[in-house]
Amino acid sequence: MIKFEHVGLRYGIGPEVLSDISFTLEQGSFHFLCGPSGAGKSSLMTLLYLGRKCTRGQIHMLGKDTAKLNRDELSELRQKIGVVFQDFRLLPHLSAFDNAALPLRIAGMTEKKVKSHVEELLDWVGLGDCMKRLPATLSGGQQQRIAIARAVIANPRLLLADEPTGNLDDEIGMKLMGLFEQLNKMGTTIIIATHSTKILDSLPHSRLILNQGQLEIFNPILSSKIGGLHG
Amino acid sequence: MAKEHFHHHIFSISQRKNTGYDIPLHTRLGTEFLVLLIALMTFLLLLAALGSASLGNLTDKWVGGLQNTLTIEIPAGENTKQHAESLQKQLQIMDGVKSSRILNQSDMSDILSPWLGNDISILSDLPLPTLISVEISDKSLNIKNKIEMMVRKYAPEAIADSHESWLNDLMKLTTSLQLTAFVIFTLILFVTSIVIAGAVRSRMAMHQRELELLHIMGASDKYISFQFIRYIFSQTIKGISFGILAGLIIFICISLFTGQAAETLPAIKIKNFDLIILLSIPVLLIAIGTLTARQTVYSVLREMP
C-alpha cells in the first residue's frame, strides 16, 4: 500500500512544486500518472521511488512510514521498487547483461541465479543476442528494453515507469504494456507516467492527474469501477 | 572502408571485458596521480623508517664503542712519557679497570689518518698528546672518580675524558632526529589520508549520476563504499609496489655507498624491530587508504536521502 498524506515538496527555498498531495494506492493496483509538462509528475515520481524526502506531510510506502526508516531499511525498501526512467539511465560502461543484472547483484543474488534470470528476461524482451553489447552500440528502443528489464528483473512490488513506451514502436509498446499487466496480475503495483492517449485510451486503469503541483483530479468513474485509489 | 572501421570499433567496444565496477572507477579521469602520490608517500615513509633505523645503528655503534671506555690525555711536555707510564702502572692494579693501553704512534696514525693522511713521519713533528685508552669493567665502583683522582695525583696536567657529555649530546641529537622522523612518518600518513579522501570525493562528484542510480535501485552505503574501497585498494597496491621498488633502488645505492665508506658512516643494518616498522608501511597505507575511502563515501552518501 502507498499512502501520501498532505505531502508537499519544494526545492531549496523555491515555491512548492507539489502541494498538499494526499492519496492511497492499494497493493496490486495499476495507475497512470498524467498531467501537462511542469505539472510535477517527475517530482511525484521522485518521491515515489524515494529519491528525495518530502518537505512536509507523510509518505507510507509498502506499509512503512518512510520518515521512520534508517538508511539500511530505506535501501531494502528501494530494492522493492523498480523504476524505468525516461532517459533510461543505463550505465554506459556496463554491457546489456550487466545493466539488467544490477538489481539482482545489489540484492546479493548468486552469480549463477543472476545469469539464468538475466538471460531469460533479455531473451524475453528480444535482446538475447545483444547481452554483451554496451548501451552505446544499441538503438534507443533496445536501450529502453534493457531499462525495463532492469526495472522488472527483481520482481518489484512497485513499478514506476516514466514514459516507458516513448521510444518504442506501437507493437513493442503494446507488448511492453502486456508485460506490465502481467506483473500487475502477479501483485505488483504499477504507476506509469505517460502522455500517450493511445495507451490511456486502450487500458481502463485509474489516472492520477497532476496540475500545477496539485493532484487535482482522478477519474472517479474508473476509480469506482476498478478500485484501488482513494483521494 | 569507414563503415568497416566503425563496425570494428563498435565490435571492440561491445566485447570489452567487464571490470566488475558498477561505477566506472576504472576509467582514467584525472585521479591516476593517486598511484604516483602513494608511490611517493611509500618511498618517503621507507626513507624516514630507514633513516631512523640507521640513526639507531649509528648511536648503538658509537655508544657501544665508548660507553665503557675512558681516555686519559696527557698534553705533550717534558714529563709526558714518565707520567703516562706511572698512570699505566696504577691503572693495571686498580679494581674495576679491565684493561688500559698507551696508544703508540701507529694507533695515533690510525686516528689521525683521515685528516692528515697516511704519512706517519709528520706525526713526530707535531706536539701530540699521549693518550691512554682505559676499558672499564664495572661502572658501579665509581671508577671514573677514582681514575680522575689518580690522574690529578700522578699527572696533574692530564685530563680524563669519559666521553659522557659528548655521548649525551649525541643521544639527544639522535633522539630528536628519530622524533622528527616519526613526526614526518605521521604527517605523511595524514597527508595520504587527506589526498585519498579528496580523490574519492572527486570521483564521487564525477560519478554522481551513477551513484544516484545505484542509490535509487536500493544499493546500500556498504555496497557503494565497497566499490570505492576496492578501487582505492588497487591504486594503493600499485603505488606501494612502485614506492617499494624506488625505495629498494635507493637502499641498494646507499648500502653500496656506505659499504665503501664504512670507516666513517654506519652501514644500514635492519634489525627485527626495524623490519616490523618497514613491513608495517604497506599495511598502514592500505589500512589508511581503505578506511579513508570508506569513511569518505559514507559521509558523502549521508547527504543523499
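If you read the sequences in order, they're chains A and B.
Going by my numbering, 182 is the number at position 182 of the first sequence; the sequence numbering is gapless.
Going by my numbering, 257 is the number at position 257 of the second sequence; the sequence numbering is gapless.
Every residue gets a Cβ at the ideal spot worked out from N, C-alpha and C, and that includes glycine.
Only a predicted model underlies this, so the values are computations on that prediction, with no experimental measurement involved.
### Message
I want to see whether chain B comes within less than 8 angstroms of Asp65 of chain A, judged by CB atoms only; does it?
### Response
Judged by the 8 angstroms Cβ criterion, Asp65 of chain A is not in contact with chain B.
### Message
Please list the terminal residues of the continuous alpha helix (DSSP H) segment that includes Leu126 of chain B.
### Response
Neither: Leu126 of chain B is in no alpha helix (DSSP H) and is coded neither H nor E.
### Message
For Lys198 of chain A, would you say it is in contact with chain B, using Cβ-to-Cβ distances shorter than 8 angstroms as the test?
### Response
No, its Cβ sits nowhere closer than 8 angstroms to a Cβ of chain B.
### Query
Helix, strand or coil: which one does DSSP assign to Asn118 of chain B?
The three-state reading of DSSP puts Asn118 of chain B in coil, since its state is none of H, G, I, E or B.
### Query
Phe242 of chain B and Ala48 of chain B look like a contact to me (Cβ under 8 angstroms); what is the Cβ gap, rounded to whole Å?
About 17 angstroms; that fails the 8 angstroms criterion.
### Task
Compare the C-beta of Lys53 of chain A with all C-beta atoms of chain B and state if any pair is closer than 8 angstroms.
So yes, Lys53 of chain A belongs to the interface.
### Query
Which residues in chain A sit within 7 angstroms of Leu248 of chain B, going by Cβ to Cβ distance?
Contacts between Leu248 of chain B and chain A, judged by CB atoms closer than 7 angstroms, are missing: the closest CB pair is about 36 angstroms apart.
### Task
May I ask you to list the residues that DSSP assigns as paired with Arg78 of chain A?
Bridge partners of Arg78 of chain A according to DSSP: none are assigned.
### Query
For Gly57 of chain A, does the three-state DSSP call read helix, strand or coil?
Three-state DSSP puts Gly57 of chain A in a strand.
### Message
Rounding to the nearest angstrom, what Cα-Cα distance links Leu195 of chain A and Arg203 of chain B in this structure?
### Response
The residue asked about is misnamed: residue 195 of chain A is His in this sequence, not Leu. Spanning the two alpha carbons is a distance of roughly 37 angstroms.
### Query
What first and last residue would you give for the beta strand (DSSP E) that runs through Arg10 of chain A?
Taken as a continuous stretch (DSSP letters only), the beta strand (DSSP E) holding Arg10 of chain A covers 2-10.
### Message
Going by beta-carbon coordinates alone, are Leu25 of chain A and Ile59 of chain A separated by less than 8 angstroms?
### Response
Ile59 of chain A sits away from Leu25 of chain A, with the two beta carbons spaced by 8 angstroms or more.
### Task
Helix, strand or coil for Arg89 of chain A, going by three-state DSSP, please let me know.
Collapsing the DSSP output to three states places Arg89 of chain A in coil.
### Message
Can you tell me where the beta strand (DSSP E) holding Lys89 of chain B begins and where it ends?
### Response
Premise fails: Lys89 of chain B lies in the alpha helix (DSSP H), 80-93, not in any beta strand (DSSP E).
### Task
Reducing DSSP to helix, strand and coil, say where Ser95 of chain A ends up.
In the structure shown, Ser95 of chain A adopts coil according to DSSP, grouped into three states.
### Task
Spell out whether any CB of chain B is found under 8 angstroms from the CB atom of Arg78 of chain A.
Chain B, which has a Cβ nearer than 8 angstroms to the Cβ of Arg78 of chain A, makes this yes.
### Query
Between the region 43-53 of chain A and the region 109-123 of chain A, do three or more beta carbon pairs fall short of 8 angstroms?
No, the region 43-53 of chain A does not touch the region 109-123 of chain A.
### Task
Only counting runs of 4 or more residues, tell me where the alpha helix (DSSP H) segments fall wholly within the region 162-198 of chain B, in order along the chain.
Not a single unbroken stretch of the alpha helix (DSSP H) spanning 4 or more residues falls wholly within the region 162-198 of chain B.
### Message
Any beta carbon from chain B within less than 8 angstroms of Tyr49 of chain A's own beta carbon?
### Response
At least one CB of chain B lies nearer than 8 angstroms to the CB of Tyr49 of chain A.
### Message
So, for Asp274 of chain B: in the same chain, excluding its five sequence neighbours on each side, which residues have a beta-carbon less than 6 angstroms away from its beta-carbon?
### Response
Within the same chain, and ignoring the five residues on either side of Asp274 of chain B in sequence, the residues whose Cβ sits closer than 6 angstroms to its Cβ are Ala53.
### Task
Give the residues of chain B in contact with Asp162 of chain A, contact being defined as C-beta atoms less than 7 angstroms apart.
Identification of chain B residues near Asp162 of chain A by a Cβ-Cβ cut-off of 7 angstroms yields none; the smallest Cβ-Cβ distance measures about 12 angstroms.
### Query
Based on Cα-Cα distance, which residue from A:Gly178, A:Gln143, A:Glu163, A:Leu102 lies nearest to Pro36 of chain A?
Among A:Gly178, A:Gln143, A:Glu163, A:Leu102, the Cα nearest to that of Pro36 of chain A is on A:Glu163.
#### Entry: Among B:Pro305, B:Ile240, B:Ile244, nearest to Ile286 of chain B - alpha-carbon criterion
Measuring from the Cα of Ile286 of chain B, the nearest candidate turns out to be B:Ile240.
#### Entry: Proximal chain B residues relative to Arg207 of chain A, where beta-carbon distance stays under 8 angstroms
Ordered by position in chain B, no residue passes the 8 angstroms Cβ test against Arg207 of chain A, which lies about 24 angstroms from the chain.
### Message
List, in chain order, every chain B residue whose beta-carbon is nearer than 7 angstroms to that of Arg89 of chain A.
### Response
Within chain B, the residues near Arg89 of chain A are Leu213.
### Query
For Lys271 of chain B, which of helix, strand or coil comes out of DSSP?
In the structure shown, Lys271 of chain B sits in coil (DSSP, three-state: anything other than H, G, I, E or B).
### Task
Would you mind giving the Cβ-Cβ distance between Ala155 of chain B and His83 of chain B, rounded to the nearest angstrom? I have them listed as a contact below 8 angstroms.
Ala155 of chain B to His83 of chain B, Cβ: 4 angstroms. Contact.
### Task
Mark Met177 of chain A as exposed unless 16 or more other C-beta atoms lie within 10 angstroms of its C-beta, in which case mark it buried.
Under this definition Met177 of chain A is a buried residue.
### Query
Of all the CB atoms in chain B, is at least one closer than 8 angstroms to the CB of Leu121 of chain A?
Closer than 8 angstroms: no.
### Message
Can you list, in chain order, the residues of its chain with a C-beta nearer than 7 angstroms to that of Leu18 of chain A? Leave out the 5 residues immediately preceding and following it.
### Response
Beyond the five residues adjoining it in sequence on each side, Leu18 of chain A comes within less than 7 angstroms, by CB distance, of Val7, Gly8, Leu9, Gly40, Ser43, Leu44, Gly213 in the same chain, given in chain order.
### Query
Is the Cβ-Cβ distance between Leu62 of chain A and Leu77 of chain A less than 8 angstroms?
The answer is yes: Cβ separation under 8 angstroms.
### Query
Whole-angstrom Cβ separation of Lys144 of chain B and Ser162 of chain B, contact assumed at under 8 angstroms?
At roughly 5 angstroms, the Cβ-Cβ gap stays under 8 angstroms, so Lys144 of chain B and Ser162 of chain B are in contact.
### Message
Please confirm whether Ser220 of chain B has its beta-carbon closer than 8 angstroms to some beta-carbon of chain A.
### Response
It does: the Cβ of Ser220 of chain B has a partner Cβ on chain A nearer than 8 angstroms.
### Task
Just the chain B side, please: which residues come within less than 7 angstroms of Leu102 of chain A by C-beta, in chain order?
What Leu102 of chain A touches in chain B: Asp22, Met217.
### Task
For the region 23-55 of chain B, enumerate the residues whose C-beta is nearer than 9 angstroms to any C-beta of chain A, in chain order.
Within the region 23-55 of chain B, the qualifying residues are Ile23, Pro24, His26, Thr27.
### Task
Can you pull the chain A residues whose beta carbon is under 8 angstroms from the beta carbon of Glu210 of chain B, in chain order?
Under the 8 angstroms cutoff, chain A gives Leu91.
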